[in-house]
């Protein structure tokens, strides 16, 4: 299985993005890779009705296993994954030495054509990728916004609807949704977090390269968010938490530009070994 893997790496961690739509396996190849993951994962993957959903789910699990295998120098077959009560994916094996305070945080997201994995040794992380496609079942973008009214604060809606074209308003909607999802996935609460509690905004409204959040109306200085566009139809939000506020803002601003360069210019072949 050879894939175009887009990668951004710094000393804190890494982001991988893979286009699952471009993978065209035959039945034998797909079954081979399904058998490389845990039985519970196999069952979950096979429940999906559509092929693209099965491919995205499988690519996500393979990426996590490949990452852990590289970082800890173990065969991917020895990697054991689990989930918290709120369904956040976690690493069960290998276990990190607690007395050394080692940290390994990762998060996965898939939507549209893409699967994105982010990991860090220094920070809690969350990631969410969104497809900009028009919502199904809605007569118009505005009617869709009406159904989602309770998901955003008044300030967020002002930002979303400030765009002068419908397509741009929808794009801004998805960017804000991606920000919320990346935060919720990072804290691991899932549906336990009320969406309007978090209000996201751009410190630099022109570039919109990164975002910050107010929780219950109070700015949370520990959380930082980077936005990247994988292509014309997909965006990614990455959430990180660290108290080194100013250092990290600068770091992630630089990292964002690097990610844009990598996403658009450099592709690396990833091979999941058939061993």
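Numbering (my numbering), first residue to last: 142 to 416.
Even for Gly, the Cβ is constructed at its ideal location relative to N, Cα and C.
Secondary structure of residue i, DSSP reduced to three states
{"i": "residue 395", "result": "Per-residue confidence for residue 395 stands at a pLDDT of 33, beneath the threshold of 50, marking its modelled position as unreliable; the derived number appears in the next sentence. If DSSP states are grouped into helix, strand and coil, residue 395 belongs with the helices."}
{"i": "residue 158", "result": "strand"}
{"i": "residue 351", "result": "strand"}
{"i": "residue 221", "result": "strand"}
{"i": "residue 372", "result": "strand"}
{"i": "residue 362", "result": "coil"}
{"i": "residue 265", "result": "strand"}
{"i": "residue 322", "result": "helix"}
{"i": "residue 281", "result": "coil"}
{"i": "residue 386", "result": "Model confidence at residue 386 stands at a pLDDT of 38, short of 50, so the residue's coordinates are unreliable; what they give is reported in the following sentence. Helix, per DSSP."}
{"i": "residue 259", "result": "strand"}
{"i": "residue 306", "result": "coil"}
{"i": "residue 247", "result": "strand"}
For residue j and residue i, believed in contact at Cβ under 8 angstroms, the rounded distance
{"i": "residue 288", "j": "residue 337", "result": "Contact doesn't hold; Cβ gap of about 15 angstroms is too wide."}
{"i": "residue 233", "j": "residue 222", "result": "6 angstroms"}
{"i": "residue 271", "j": "residue 252", "result": "6 angstroms"}
{"i": "residue 198", "j": "residue 186", "result": "5 angstroms"}
{"i": "residue 202", "j": "residue 178", "result": "5 angstroms"}
Element boundaries [beta strand (DSSP E), containing residue i]
{"i": "residue 381", "result": "375-382"}
{"i": "residue 295", "result": "Unbroken run through residue 295 is the alpha helix (DSSP H), 295-302; no beta strand (DSSP E)."}
Per-residue burial, residue i [other beta carbons within 10 Å of its own, 16 or more giving buried]
{"i": "residue 236", "result": "exposed"}
{"i": "residue 248", "result": "buried"}
{"i": "residue 269", "result": "buried"}
{"i": "residue 262", "result": "exposed"}
{"i": "residue 307", "result": "exposed"}
{"i": "residue 346", "result": "exposed"}
{"i": "residue 277", "result": "exposed"}
{"i": "residue 325", "result": "buried"}
{"i": "residue 176", "result": "exposed"}
{"i": "residue 283", "result": "exposed"}
{"i": "residue 321", "result": "buried"}
{"i": "residue 192", "result": "exposed"}
{"i": "residue 158", "result": "buried"}
{"i": "residue 209", "result": "buried"}
{"i": "residue 393", "result": "Its pLDDT being 34, under 50, residue 393 is placed unreliably in this model, and the coordinates cannot settle the point."}
{"i": "residue 228", "result": "exposed"}
{"i": "residue 257", "result": "buried"}
{"i": "residue 184", "result": "exposed"}
{"i": "residue 224", "result": "exposed"}
{"i": "residue 400", "result": "Unreliable placement is indicated for residue 400, whose pLDDT of 30 sits below 50; the coordinate value is still reported in the next sentence. By the neighbour-count rule (16 or more Cβ atoms within 10 Å), residue 400 is buried."}
Cβ-heavy atom distance, residue i to the ligand ATP, below 7 angstroms
{"i": "residue 166", "result": "Absence of the ligand ATP from the depicted structure is noted, as is the absence of any ligand whatsoever, leaving it without description."}
Strand pairing of residue i, partner residues [DSSP]
{"i": "residue 229", "result": "Paired residue(s): none; residue 229 is not in a bridge."}
{"i": "residue 189", "result": "According to DSSP, residue 189 bridges with nothing at all."}
{"i": "residue 272", "result": "375"}
Boundaries (first-last residue) of the alpha helix (DSSP H) holding residue i
{"i": "residue 201", "result": "192-213"}
{"i": "residue 254", "result": "That residue, residue 254, is in no alpha helix (DSSP H); it is neither H nor E in DSSP."}
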